Amino acid sequence: MYTQLLWFSKRVKLSNRLFRQIVAQFPLSIKSIHGIDHWKRVESIGLGLSKMTGADPKVIVHFAYLHDSRRFDEYDDPLHGQRASQFIDKLLKTKSLDLSPTQIKQLQTACRSHSDHRFTTNDITIATCLDADRLDLVRLGIQPKADFIHTNPAKSYMKN
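Here our numbering = 1-based position in the sequence shown + 37.
Written out as structure tokens, the structure is:
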């Protein structure tokens, strides 16, 4: 359904070092429903949306690989976004992230809030991150609710 949003970009990528750090500390199976395949889809959907929203693709890519990286449980883990934000702090200390202070703030806010359906934002980059993750709920047989989608491009794709 959302395949028209998939966008592959060679210009914005995680460093191999950062990717290895994320995978090494991921507590679940890399093949889990919140693992690498999900991360790649969120990246692709997010980059596709960013072409229409103007969101920062660098933040989108980092969000895709970090937002669920600190999940301890596939189904009930309300603090995983907060842990992802704390992991970003650790990555900053090891100089693993090449992001500006604004990008770091956007990334951490998106990670902390991505499973809080009441969260609202006027920041198009954060909104695009959240929508990219929510549009991938179809992998679980869940149709995202329009009330929890932030950007007009994501809402229009839901109608198709």
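Yeah, the Cβ is synthetic: ideal placement off N, Cα and C, and Gly gets one too.
Being a predicted model, the structure only gives us computed values, none of them experimental.
Environment of residue i [buried if 16+ CB atoms lie within 10 Å]
i      : result
Leu42  : At Leu42, the pLDDT of 48 sits below 50, so the modelled position is not reliable; the number obtained from the coordinates is stated separately. So Leu42 counts as buried.
Ser122 : buried
Asp170 : buried
Ala92  : buried
Met38  : Its pLDDT being 41, under 50, Met38 is placed unreliably by the model, and the measurement read from it follows with that caveat. Classification for Met38: exposed.
Leu86  : buried
Asn189 : exposed
Ala183 : exposed
Lys68  : exposed
Pro138 : exposed
Arg108 : buried
Arg135 : Note on identity: in this sequence residue 135 is Asp, with Arg being the wrong assignment. Counting Cβ neighbours within 10 Å, Asp135 comes out exposed, since fewer than 16 surround it.
Which listed residue (the options) has its alpha carbon closest to that of residue i
i      : options                        : result
Gln143 : Pro181, Ala101, Ser106         : Ala101
Asp113 : Asn159, Ile70, Pro138          : Ile70
Lys77  : Asn159, Thr131, Ser193, Arg176 : Arg176
Proximity below 7 Å, CB of residue i to CB of residue j
i      : j      : result
His187 : Leu167 : yes
Glu80  : Val98  : yes
Gly118 : Ser66  : no
Cβ of residue i within 7 Å of any chain B Cβ
i     : result
Arg54 : You won't find chain B in this structure, because it holds only one protein chain.
Quick check on the DSSP output: what are the complete alpha helix (DSSP H) runs of length 4 or more inside the stretch 157-192, in order along the chain? Runs of the alpha helix (DSSP H) inside the stretch 157-192: 161-172.
Inside the stretch 57-137 only - alpha helix (DSSP H) runs reaching at least 4 residues: 73-90, 94-103, 117-130
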